[in-house]
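Colleague: Read in our numbering, the first sequence has 1336 at position 745, and its numbers run on one by one without any break.
Right, I'll just put the structure down here and ask away after.
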Amino acid sequence: MVTSSIDRYIPQEIEPKWQKRWEADGLYRSVIDESRPKHYALTMLPYPSGDLHIGHWYAMAPSDARARYMRMRGYNVLFPMGFDAFGLPAENAAIRHGIHPFKWTMSNIENMRRQLRSMGAMFDWEREAISCLPGYYKWTEWFFLKFYDAGLAYRKKSAVDFCPQCNTTLAREQVWGEDRHCERCGTPVIKKELEQWFFRITDYAEELLDFSQIDWPERVVTMQTNWIGRSEGAEVTFVSEREDPIVVFTTRPDTLWGATFMVLAPEHPLVDKLTTPECRQAVENYKFQAARQSEIERLSTEKEKTGVFTGAYAINPVNGERIPIWIADYVMMTYGTGAIMGVPSHDERDFEFAIKFGLPIIPVIDRRDGLAKSLVFPGSVRDGFADELRAAGIEFVTGPVGDVGEGLYVILHGDEQIDHYVELMRAYLLPNNWNEIVGARWIFIFDDGIQELNSVEADRRILARCKEIYPSVSHNRTVMEMLHSLPFYRDVLFHAEYGTMINSGPFTGTPGDVAVKKVTEWLEKQGIGKFAVNYRLRDWLISRQRYWGAPIPIVYCDKCGTVPVPYEDLPVLLPEDAEIPPSGENALKYHEGFLHTTCPRCGGPAERETDTMDTFLCSSWYQYAYLSPYYKEGDPAHSDSMPFDPKEGAYWLPVDVYTGGIEHATMHLIYTRFFTKVMRDLGLVDFDEPMLVLRNQGIILGEDSEKMSKSRGNVIAPDDLVEKYGADTVRAYLMFGWRWELGGPWDSQGIEGVSRFLERVWNCVLAPGYGGSEEPGEIEIRNLRRKVHQAIRKATEDMESFSFNTYIANLMELNNIMLKAKETPVYGTEAWEEAVKTLVLLLAPACPHIAEELWTRTGHPYSVHQQAWPVWDPEIAAEEIITLVVQVNGKVRDRIEVPADIAEEQAKELALSSNGAQRHTAGKTVQEVIYVPGRLVNIVVK
RNA sequence: GCCGAAGUGGCGGAACAGGCAUACGCGCGCGACUCAAAAUCGCGUGAGGGUGACCUCAUGUGGGUUCGAUUCCCACCUUCGGCACCA
């Protein structure tokens, strides 16, 4: 079996050899085979930037290994590859090097194909799909028309995010970070009012929140859930004094009685109508500022609230209170109804706004913690008050109050204490003074009685009284503003928790856990509001002002307006002779031949839409494109065409396992789910989710633990590594070095270890071993077989759970044990042959080339990649002798070797009589003996 | 601020479902081979103590549950990621 010449392991020789052979044989061609179960393994397609980097390898090589494992498990596996080929870098290259985006892209693809081949992955190249080829983007355009026909594509003028560097609008998902920068180039975006095309992804918001059919990582589910941002509440209709209904969305209808003002977004359509002549100028100025502000760079840290009064008033529908209507940029036109009710007592933002502009703040929800505070001003009470407090067990400290002397800072807990305090205060308060209790209760004690802060009216009354007594508070516009000037009170002036309703007319006393529901029901009955759900998710802005993308198949006709290009005329081709302006503007806008066309409806002159589609559209359906790339059946296309071969779809879909980076959690991974759900509703597929299982790999950092970048000079180039170590070593190291989902810094010494491992495997399999004449012992043979079968079990479990690092470690362990056995008479036995065969088979998914070479050299028929995954025999894998740990009071004191099937009583006996146990139980009483079969005996002593 | 993930030797990391912490690899030390070095092979390698058998401590920190906790619960600290005036 061993070849006579013990060649060295030279991956550079064997790898290209096998790659050629596999390709020539079509070994990885995946065709429909009803006799076998299918497995569609998909890994995210690369953008053809020109070079495959180590991150691509890290994503693809382990994915390939797993696809190969599934194949050995008997599945008919589809593992395709393609290129997400539209996008900006191609245009930038065109500007910089004067090379056409198409040429640039295709030559990059050529190079990347070579690099991908060097990986030795089982890609089925006959299913390759490139999104910038007309045969592909014809279908991307077709999807646009289908969405348009279904009412899911619409054009709207609105303020959208625009990247000045990329010269194009962006979807909300593509604007990242605190400074709201472009996901691609990092430039902070600006706002622009533009007519843009949108996809109605919000129609699917509710369904997109349902992850019950898919096994996706928790963090992706969480990110998508947060991104969609569902919140339940109510829509309530307020009416302006001039009878204009203003609808607000609130999650806290239970705080309605505390709404003391309204705020509209500056762009709200009612603003112009509501604004009174006196306020018009200020409102106009503010609107202008607000629009401009988003164009200036946003320094978003703790922006102070701004806003202006419109001069108009609305009536609070629950209590008839007349409340002012303001506009402010902290209210977004894009969320809810673009208008809010201001409840400053129970919303931090509204509180801040009300304090700044002197709007009344009335608490309407009780504090659940019962905390209240009171500041006793110096000289406001008779002597002995502090002693009374002490006697009553009331917590307080003495401290300076401004520069007027020593006061008492009192902290109260619960109604009983507060009532007692009020009593004391009434007895001790000196004439012409007042004292207030703030927090759990809102009580103002004057020398002639007490007043509660329970309405806007009370606010005015109390404030007037206070000003009378103490004129230096005269500048305050509300009671809360006055209280707010004392830092002691600040943390109890508002709270956002649920609690019993107070100061809320007939609802006063309603407990917090039912308040929202009760009020909502009542609102519905009254016809002034209704239950409502809001989402943070926005419709998907798909227009891009770029040349290098799939054209939006729309023409604009003076007579007929917006007219979709007929299906039969697809694709709308990108003109090849377009000149990319150095400004980076859209070349299509200046391409007369493209721009001017005839209206498909009336035949008159018309202009084409020059915006192209977000490249995320191309990648939203690529898993379907792979089934039958550039599908020709529907040529010319028709509304009822299929973008892929339904026979292929019926067999392969949906994707069983999807692998890729987490950075797409709220972009590609939401879009493709949306696409699939629309496709289902259009009757194109019969399932709800595109990918059943998703696993994310982490990121490989440079050796300096920093993100790899050319400027840092810490980039690891896979081509160099393949040249030095061979692809198998690179693949195995990428699987071994880190927890796959976490990634981490590259280690150029770590890969040496894996390289040594493969050399040891080579030698283990091929170099001659024991040459003596002793007969092998039965126990040694059993031990080897046990290890082999345990290794099969472990390798299988690890592959199932994507635990690639332990999968490799397990093979290293097996190899280490085999290397020892090799120097014994076990070498050459049947058990040895089984071990060698198993090692090669288990290694095949990770290191396909060396496995194929060793397989052939050990006399097996080509190909190792058509072999079945080994099966372990539980009986052979079972341990006969086990090490039983002997603990005394939970500490390991001894280890004893016992038969695996030892009886409990016997195990306990042996444990008790063991040296270690004896040492630590001597002179003590054994209280309990715990036996965990196969693991340990724990002796509890006292 | 909110949401999520992760903290284990010098390093990457392992540990079924609460049961031997540190598998596997890197690095390091010693040894063999060599005139020498590299490569390779062998042995050792969490910290501290003891001549020794052994003992004590150690999975971010502090508590708790348990016969027993890296694992479960509570609080906190650090790092990373996402969101961010979302009503």
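For glycine and all other residues, C-beta sits at the position ideal for the given N, C-alpha and C.
These figures come from a predicted structure and were not determined experimentally.
1) Can you find the residues in the same chain that come closer than 8 Å, C-beta to C-beta, to A945, ignoring five residues on each side of it along the sequence?
2) Helix, strand or coil: how does DSSP classify H1187 here?
3) Could you tell me the boundaries of the alpha helix (DSSP H) in which V1070 lies?
4) When you measure from the CB of T928 to every non-hydrogen atom of the ligand FAD, does any distance come out below 8 Å?
5) State the DSSP-derived secondary structure class of R746, mapped to helix, strand or coil.
6) Taking all protein chains shown into account, do 16 or more other C-beta atoms lie within 10 angstroms of the C-beta of C1193, making it buried, or fewer, making it exposed?
7) To the nearest angstrom, report how far apart R889 and T1203 are at their CA atoms.
8) Taking the alpha-carbon of R1373 as reference, which of R1526, N1396 and E1466 has the nearest alpha-carbon?
9) Judging by CA-CA distance, which residue of F829, N667 and D1279 is the nearest neighbour of I805?
10) On a CA-only basis, which of L1283, R1127 and C1148 is nearest S822? Give me that one, please.
11) Which whole-angstrom value is the C-beta distance of V967 and V1001, which I expect to be below 8 Å?
12) Exposed or buried, what is I601 when buried is set at 16 or more other beta-carbons lying within 10 Å of its beta-carbon?
13) Could you say which of F1185, Q1340 and P1166 lies nearest to P725 if we only look at CA atoms?
14) Name the residue from Y649, L618, E625 and Y638 whose alpha carbon lies nearest to the alpha carbon of A1308.
15) Could you please give me the residues that DSSP links to G1152 through a beta bridge?
16) Pairs of beta-carbons, one from the region 695 to 704 and one from the region 656 to 676, closer than 8 Å: are there three or more?
17) Report the partner residues of E826 according to the DSSP bridge assignment.
18) Bridge partners for V1532 per DSSP, in chain order?
19) Leaving out five residues on either side along the sequence, give the residues of the same chain with a beta carbon under 7 Å from the beta carbon of D715.
20) Under DSSP, the beta strand (DSSP E) around F1035 begins and ends at which residues?
21) Give a yes or no on whether the C-beta atoms belonging to L1161 and K737 are separated by under 9 Å.
22) Do you know offhand how far Q1340's Cα is from N1480's?
23) What is the rounded straight-line gap between the Cα of K694 and the Cα of L707?
24) Counting C-beta neighbours from all protein chains within 10 Å, is the total for D1311 16 or more, i.e. buried, or is it exposed?
25) Out of curiosity, what's the CA-to-CA distance linking A1437 and G617?
26) Give the straight-line distance between the Cα atoms of T892 and A681, rounded to the nearest whole angstrom.
27) Kindly indicate which three-state DSSP category T816 falls into: helix, strand or coil?
28) With DSSP run on the structure shown, which of helix, strand or coil describes R913?
29) From D1277 to E1425, what does the alpha carbon distance come to, in whole angstroms?
30) Helix, strand or coil for C754, going by three-state DSSP, please let me know.
31) Starting from the Cα of P857, find the closest Cα among G929, M1403, T793 and T828 and give me that residue.
32) Do T1206 and R1135 have their C-beta atoms closer together than 9 Å?
33) Leaving out the 5 sequence neighbours to the left and right, which residues in its chain are closer than 6 Å to E606 when beta-carbon positions are compared?
34) What did DSSP end up calling D1205 once you bin it into helix, strand or coil?
35) If you compare alpha carbons, which of V995, G949 and K947 is closest to P969?
36) Using the C-alpha atoms, what's the distance from H644 back to I1291?
Modeller: Well, looking at it:
1) Within the first sequence, residue 945 is the residue found at index 354, counting from 1. Only T851, F852, G933, P935, P951, I952, T1069 and M1071 meet the Cβ criterion.
2) Start at 1 with the first residue of the first sequence, and residue 1187 comes out as number 596. H1187 falls in the strand class under three-state DSSP.
3) Indexing the first sequence from 1 puts residue 1070 at position 479. Segment V1070 to H1075, the alpha helix (DSSP H) holding V1070.
4) Looking for the ligand FAD in the displayed structure turns up nothing, as the structure carries no ligands at all.
5) Position 155 of the first sequence, counted from the start, is the residue given in the question as residue 746. R746 falls in the strand class under three-state DSSP.
6) Locating residue 1193 in the first sequence gives position 602, where the first residue counts as 1. Exposed.
7) Counting from 1 along the first sequence, the entry for residue 889 is found at position 298. Counting from 1 along the first sequence, the entry for residue 1203 is found at position 612. Note that R889 scores a pLDDT of 43, beneath 50, so its modelled location is shaky; the value from the coordinates is reported in the next line. One C-alpha to the other measures close to 28 Å.
8) By one-based count along the first sequence, residue 1373 stands at place 782. When each option's Cα is compared against that of R1373, the closest is E1466.
9) In the first sequence, counting from the first residue as 1, residue 805 sits at position 214. Among F829, N667 and D1279, the Cα nearest to that of I805 belongs to D1279.
10) Here residue 822 is taken as the residue at index 231 of the first sequence, counted from 1. Answer by Cα proximity: R1127.
11) Locating residue 967 in the first sequence gives position 376, counting from the first residue. Locating residue 1001 in the first sequence gives position 410, counting from the first residue. Their Cβ separation, rounded to whole angstroms, is 6 Å, which keeps V967 and V1001 in contact under 8 Å.
12) Working through the first sequence from its first residue, we reach residue 601 at position 10. If you draw a 10 Å sphere on the C-beta of I601, you find fewer than 16 other C-beta atoms in it, and that means exposed.
13) Working through the first sequence from its first residue, we reach residue 725 at position 134. Taking only the C-alpha atoms, the option nearest P725 is P1166.
14) Counted from its first residue, the first sequence places residue 1308 at position 717. Ranking the options by Cα distance to A1308, first place goes to Y649.
15) As a first step, residue 1152 is located in the first sequence; it is residue number 561 there, counting from the start. Partner(s): C1148.
16) Contact check between the region 695 to 704 and the region 656 to 676: three or more CB pairs, one atom from each, fall below 8 Å, which counts as touching.
17) Taking the first sequence and counting its residues from 1, the one referred to as residue 826 is at position 235. The partner list for E826 (beta bridge, DSSP) reads F840 and K1121.
18) By 1-based counting over the first sequence, the position of residue 1532 is 941. Looking at the DSSP assignment, V1532 forms a beta bridge with V1517.
19) Counted from its first residue, the first sequence places residue 715 at position 124. Y619, R620, S621, L669, F670 and P671, listed in sequence order.
20) In the first sequence, counting from the first residue as 1, residue 1035 sits at position 444. Start and end: I1034 to F1037.
21) Numbered from its first residue, the first sequence carries residue 1161 at position 570. Numbered from its first residue, the first sequence carries residue 737 at position 146. Cβ atoms of L1161 and K737: not closer than 9 Å.
22) Translated into positions along the first sequence, residue 1340 becomes position 749. Translated into positions along the first sequence, residue 1480 becomes position 889. One C-alpha to the other measures close to 43 Å.
23) As a first step, residue 694 must be located in the first sequence, where it is residue number 103. As a first step, residue 707 must be located in the first sequence, where it is residue number 116. Between K694 and L707, the C-alpha separation is close to 20 Å.
24) For the purposes of this step, residue 1311 is taken as the residue at position 720 of the first sequence. Around the beta carbon of D1311, fewer than 16 other beta carbons sit within 10 angstroms, so the residue counts as exposed.
25) As a position in the first sequence, residue 1437 is number 846, starting the count at 1. As a position in the first sequence, residue 617 is number 26, starting the count at 1. Cα-Cα distance, rounded: 20 Å.
26) By one-based count along the first sequence, residue 892 stands at place 301. By one-based count along the first sequence, residue 681 stands at place 90. Because T892 sits at a pLDDT of 44, beneath the cut-off of 50, its placement in the model cannot be relied upon, and the following sentence gives the value as read from the coordinates. Across the structure, T892 and A681 are spaced so that their CA atoms are roughly 36 Å apart.
27) As a first step, residue 816 is located in the first sequence; it is residue number 225 there, counting from the start. In this structure, T816 counts as helix in the three-state DSSP scheme.
28) The count along the first sequence starts at 1 and reaches residue 913 at position 322. Here R913 sits in strand by DSSP.
29) Start at 1 with the first residue of the first sequence, and residue 1277 comes out as number 686. Start at 1 with the first residue of the first sequence, and residue 1425 comes out as number 834. Going from the Cα of D1277 to the Cα of E1425 covers about 45 Å.
30) The residue given as residue 754 occupies position 163 in the first sequence. Strand, per DSSP.
31) Position 266 of the first sequence, counting from 1, holds the residue named residue 857. When G929, M1403, T793 and T828 are compared, the shortest CA-CA separation from P857 is found for G929.
32) Looking up residue 1206 in the first sequence gives position 615. Looking up residue 1135 in the first sequence gives position 544. R1135 sits close to T1206, with the two beta carbons spaced by under 9 Å.
33) For the purposes of this step, residue 606 is taken as the residue at position 15 of the first sequence. G1317, A1318 and H1440, listed in sequence order.
34) Counting from one through the first sequence, the residue named residue 1205 turns up at place 614. In the displayed model, D1205 falls within coil according to three-state DSSP, outside both helix and strand.
35) Taking the first sequence and counting its residues from 1, the one referred to as residue 969 is at position 378. Of the candidates V995, G949 and K947, the one whose C-alpha sits nearest the C-alpha of P969 is V995.
36) Within the first sequence, numbered from 1, the residue matching residue 1291 stands at position 700. Within the first sequence, numbered from 1, the residue matching residue 644 stands at position 53. Between I1291 and H644, the C-alpha separation is close to 10 Å.
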